[in-house]
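**Q** Quick one: the structure is below, and I'll ask about it shortly.
There are 2 protein chains.
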Amino acid sequence: MTEVKNTPKRTVFFISESTGITAETLGMSLLSQFPQIDFTYIQRPFVDSVEKVNKLVGEINQIAQSENFRPLVFATMPEEKVNHLLQLANCHYYEVFDSFLDKIGNDLKATPVFESGLSHGLVNEKVYDSRIDALNFTLKHDDAMVLKTIGEADVIIVGLSRSGKTPTSLYLALKFGIRAANYPITEDDFERNELPAVLLESRDKIFATKIKAKRLHQIREKRMPNSQYAALETCKDEIKKVQDLYTKYHLNPMDVTSQSIEELAAQIVRKLHKTGNLKKTLHSWERKK
Amino acid sequence: MTEVKNTPKRTVFFISESTGITAETLGMSLLSQFPQIDFTYIQRPFVDSVEKVNKLVGEINQIAQSENFRPLVFATMPEEKVNHLLQLANCHYYEVFDSFLDKIGNDLKATPVFESGLSHGLVNEKVYDSRIDALNFTLKHDDAMVLKTIGEADVIIVGLSRSGKTPTSLYLALKFGIRAANYPITEDDFERNELPAVLLESRDKIFATKIKAKRLHQIREKRMPNSQYAALETCKDEIKKVQDLYTKYHLNPMDVTSQSIEELAAQIVRKLHKTGNLKKTLHSWERKK
């Protein structure tokens, strides 16, 4: 293989008969292994008719010609009629289903149904409703708004103000149907030198977070420029005090400075499974039998 | 291929050196094509050491023996050392990266870097911050809490109370960094027979939703049992009135009754791209060059 010079631009299509989430997640993940290339991404979900496919083939062919390079196409098109037409386009074609389904079918000794929209559609109202319930719970218990019922949470994320508790909580609720409360540790807690009793009753549900002073300062400055609250010294002071509280309660905090919401959520889910505190995560795409 | 009888139970592992999101999304999507089989899913993210892999291989082998069927393993392990060890387990092994990377490398005439954690990690603070900004905007403009600045939204979702506007808005913000406001259409709007002027100023950003009466009734009953608000007659009445408003403003509503959050979001993103109202969606996993 020869290395590409001068970071060329390459166009990538994510095409699906349904939402395109699978094609895009896989394609993005694979292409992240080629940081030396400058990709342009084009999403085309709900391509479910011969007419739409033909239009799309024209679009792909035009780009292939104008860029003098065949676009990459990641597609999840289980229905053969549309799939077949799309493959005729002037592109590098990666059919996500084709590549695996035969082998999986053989391994399972079962025949796939070849239907589209099975993985991210509204498959079951009960599963869906649990997810919405989790989201409502999470919104209600964001930022310690309600403490009385915090014991009903699956997870309680604690940490300093503006250290990313809310996005992680919402992601846990939306993605996994997890009831995620969060509690900002503030001056009051430092003064009392303890966490509220209602939190300690759910000690095993607490996930502590830590953050680097410079990053916290940067985030708070955006929120309240030139304030005492955002000052680097304040951040450093709070970080020291919160660590003292964590030590007191033997809490081992996750570092949110260098981790994405997805990474934090994956860690929490892993720990919940390990401790047995979560019997079951509801995946948005899970089909109830 | 012979069909499996008596819906046997099959165990599936999603294994990754990082979050496991790619392995799980792809695996779940593929397995949705086998609704006749009862799968048990086991997530094992952050498997990044020889020690962890060896422990996991023991676990897989034990299940293979006790269930008398080799578990399915979907793995994204770009680093060869760990990948190699895992493949020795007694399982049906699907390596997501292996299957595609060689072909993609050839097509692009480029060499992949074979690093883990590139796709769902914290890759760029700027991209990450935009996503958090979008989330903060969305939380602030949820349920018409703030109308004054609603014009700064990328998207304004309108519809009846409890018709799924909030989850879709939050999903758009978290997943795509889209600033999504939402506005519940209520009795006030029906009486005035118009939408607020501040909404109409952003007419091209409005996404209207509709829902079936029975489903709306069911959701509201859970929220406020036996109330006037939740009564089927009330729901029917509001649905008729909201449709009149949509007709007046030539709004073509999306039906939320039979669609998942992911499907609604994908539709909105598609329309935003079509109308040119969204220059760029920020994907959580997108790497800024």
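Going down the list, the protein sequences come from chains C and P. Residue 1 is where the first sequence starts when you use the working numbering, and the numbers rise one by one after that. Residue 290 is where the second sequence starts when you use the working numbering, and the numbers rise one by one after that. From the three backbone atoms N, C-alpha and C, an ideal C-beta is built for every residue, glycine too. As the structure is a prediction and not an experimental result, all values here were calculated from the model.
1) Under 8 Å, do Y330(P) and F358(P) count as touching if we go by C-beta distance?
2) What does T149(C) reach in chain P if we use C-beta pairs closer than 7 Å?
3) Is the beta carbon of M366(P) sitting closer than 8 Å to the one on L375(P)?
4) Would you mind working out which of N395(P), M317(P), V487(P) sits nearest A364(P), comparing C-alpha positions?
5) Out of I132(C), L199(C), Q62(C), L172(C), which has the shortest C-alpha to C-alpha gap to R451(P)?
6) Going by the DSSP bridge assignment, what does Q332(P) pair with across the sheet?
7) Below 9 Å on C-beta distance, what does S66(C) contact in chain P?
8) Where in the region 412-460 of chain P do unbroken runs of the alpha helix (DSSP H), each at least 4 residues long, occur, reported from the N-terminal end onward?
9) Looking at S452(P) and the ligand ZN, is the gap between the Cβ and the nearest heavy atom below 7 Å?
10) For the region 95-109 of chain C against the region 304-314 of chain P, do three or more pairs of beta-carbon atoms, one drawn from each stretch, fall closer than 8 Å, so that the two count as touching?
11) Does the region 224-231 of chain C come into contact with the region 243-257 of chain C, if we say contact requires no fewer than three beta-carbon pairs (one atom in each stretch) closer than 8 Å?
12) Using the beta-carbon of each residue, which ones in chain P are nearer than 7 Å to P225(C)?
13) Which residue from P225(C), E191(C), N83(C) puts its Cα closest to that of V50(C)?
14) Whole-angstrom Cβ separation of Q332(P) and G309(P), contact assumed at under 8 Å?
15) V362(P) bridges to which residues according to DSSP?
16) For K398(P) and D493(P), I'd like the C-alpha separation in whole angstroms.
17) So for D327(P), helix, strand or coil by DSSP?
18) Which one of I178(C), L56(C), P196(C) has the shortest CA to CA distance from H273(C)?
19) Go ahead and label A197(C) buried or exposed: buried means 16 or more other beta carbons lie within 10 angstroms of its beta carbon, across all protein chains shown.
20) 8 Å is my cut-off, CB to CB: does S549(P) come that close to chain C?
21) I'd like the span of the beta strand (DSSP E) that includes T111(C), first residue to last.
22) Going along chain D in order, which residues have a C-beta closer than 7 Å to the C-beta of I421(P)?
23) Would you say E552(P) lies against chain C (beta-carbon separation less than 8 Å)?
24) Does the beta carbon of P35(C) come closer than 8 Å to any beta carbon on chain P?
25) Taking Y472(P) and L488(P) to be in contact with their CB atoms under 8 Å, please state how far apart those CB atoms are, rounded to whole angstroms.
26) On the DSSP bridge assignment, give the partners of N182(C) in chain order.
27) Based on the DSSP output, what are the partners of A497(P) in its beta bridges?
28) Give me the residue from V301(P), N343(P), T400(P) with the minimum Cα distance to Q36(C).
29) What in chain C is Cβ-close to Q332(P), meaning under 9 Å?
30) Mind checking which residues open and close the alpha helix (DSSP H) that includes S355(P)?
31) Quick check: the Cα distance between L139(C) and K511(P), rounded to an integer number of angstroms?
32) Would you say L463(P) reaches chain C, if we count a Cβ-Cβ gap shorter than 8 Å as a contact?
33) Name, going along the chain, the residues of the region 10-36 of chain C whose beta-carbon falls closer than 7 Å to a beta-carbon of chain P.
34) Comparing the C-beta of T536(P) with each C-beta of chain C, is any distance below 8 Å?
35) Can you pull the chain C residues whose beta carbon is under 7 Å from the beta carbon of H381(P), in chain order?
36) Considering only the beta carbon of each residue, do L361(P) and D107(C) sit closer than 8 Å?
**A** Taking the geometry as given:
1) The count along the second sequence starts at 1 and reaches residue 330(P) at position 41. The count along the second sequence starts at 1 and reaches residue 358(P) at position 69. No. Outside cutoff.
2) Reading the first sequence from its first residue, position 149 is the one you call residue 149(C). Simply none; closest approach about 16 Å.
3) Numbered from its first residue, the second sequence carries residue 366(P) at position 77. Numbered from its first residue, the second sequence carries residue 375(P) at position 86. Closer than 8 Å, so yes.
4) Indexing the second sequence from 1 puts residue 364(P) at position 75. Among N395(P), M317(P), V487(P), the Cα nearest to that of A364(P) is on M317(P).
5) Taking the first residue of the second sequence as 1, we reach residue 451(P) at position 162. Looking at the Cα atoms, I132(C) is the closest of the given residues.
6) Within the second sequence, residue 332(P) is the residue found at index 43, counting from 1. In the DSSP output, where bridge partners are listed per residue, Q332(P) has F303(P).
7) Working through the first sequence from its first residue, we reach residue 66(C) at position 66. By Cβ distance, chain P contributes nothing, its closest Cβ being about 18 Å from S66(C), past 9 Å.
8) 414-429
9) Within the structure as shown, the ligand ZN is missing, as the structure has no ligands at all.
10) no
11) no
12) Here residue 225(C) corresponds to residue number 225 of the first sequence, with the count starting at 1. Per Cβ cutoff of 7 Å: no residues; P225(C) is ~15 Å from chain P at best.
13) Position 50 of the first sequence, counting from 1, holds the residue named residue 50(C). With distances taken between Cα atoms, V50(C) lies closest to N83(C).
14) Here residue 332(P) refers to the residue found at position 43 when the second sequence is read from its first residue. Here residue 309(P) refers to the residue found at position 20 when the second sequence is read from its first residue. The pair is a contact, with the Cβ atoms about 6 Å apart (cut-off 8 Å).
15) Position 73 of the second sequence, counted from the start, is the residue given in the question as residue 362(P). Its beta-bridge partners are F302(P), Y382(P).
16) One-based indexing of the second sequence puts residue 398(P) at position 109. One-based indexing of the second sequence puts residue 493(P) at position 204. Rounded to whole angstroms, K398(P) to D493(P) spans 43 Å at the Cα level.
17) Numbered from 1 along the second sequence, position 38 holds the residue referred to as residue 327(P). DSSP places D327(P) in strand when its eight states are reduced to three.
18) Looking up residue 273(C) in the first sequence gives position 273. Comparing Cα positions, the closest option is I178(C).
19) Walking along the first sequence from the start, residue 197(C) turns up at place 197. Exposed is the call here.
20) Counting from 1 along the second sequence, the entry for residue 549(P) is found at position 260. By this cut-off, S549(P) is an interface position.
21) For the purposes of this step, residue 111(C) is taken as residue 111 along the first sequence, with counting starting at 1. Per DSSP, T111(C) belongs to no beta strand (DSSP E) and is neither H nor E.
22) In summary, chain D is missing from the structure at hand, where the protein chains are C and P.
23) Position 263 of the second sequence, counted from the first residue, corresponds to residue 552(P). Yes - at least one Cβ of chain C is within 8 Å of the one on E552(P).
24) Start at 1 with the first residue of the first sequence, and residue 35(C) comes out as number 35. Closer than 8 Å to some Cβ of chain P, the Cβ of P35(C) qualifies, so yes.
25) Translated into the one-based positions of the second sequence, residue 472(P) becomes position 183. Translated into the one-based positions of the second sequence, residue 488(P) becomes position 199. Sure, about 6 Å apart at Cβ, within 8 Å.
26) Against the first sequence, residue 182(C) aligns to sequence position 182. Answer is I157(C).
27) Taking the first residue of the second sequence as position 1, residue 497(P) is located at position 208. V447(P), per the DSSP bridge assignment.
28) By one-based count along the first sequence, residue 36(C) stands at place 36. When each option's Cα is compared against that of Q36(C), the closest is T400(P).
29) Against the second sequence, residue 332(P) aligns to sequence position 43. Simply A266, V269, R270, H273, T281.
30) Within the second sequence, the letter at position 66 stands for residue 355(P). Counting along the chain, the alpha helix (DSSP H) containing S355(P) begins and ends at 339-356.
31) Here residue 139(C) is taken as the residue at index 139 of the first sequence, counted from 1. Here residue 511(P) is taken as the residue at index 222 of the second sequence, counted from 1. L139(C) and K511(P) have their C-alpha atoms roughly 17 Å apart.
32) On the second sequence, residue 463(P) is found 174 positions in, with the first residue counted as 1. For L463(P), the answer is yes, since a Cβ of chain C falls inside 8 Å of its Cβ.
33) R10, T19, G20, I21, T22, T25, L26, M28, S29, L30, S32, Q33, F34, P35, Q36
34) Reading the second sequence from its first residue, position 247 is the one you call residue 536(P). T536(P) does not count as touching chain C.
35) Taking the first residue of the second sequence as position 1, residue 381(P) is located at position 92. Listed along the chain, the chain C residues whose CB falls inside 7 Å of the CB of H381(P) are D107.
36) For the purposes of this step, residue 361(P) is taken as residue 72 along the second sequence, with counting starting at 1. For the purposes of this step, residue 107(C) is taken as residue 107 along the first sequence, with counting starting at 1. It is a contact, given that the beta carbons lie within the stated cut-off.
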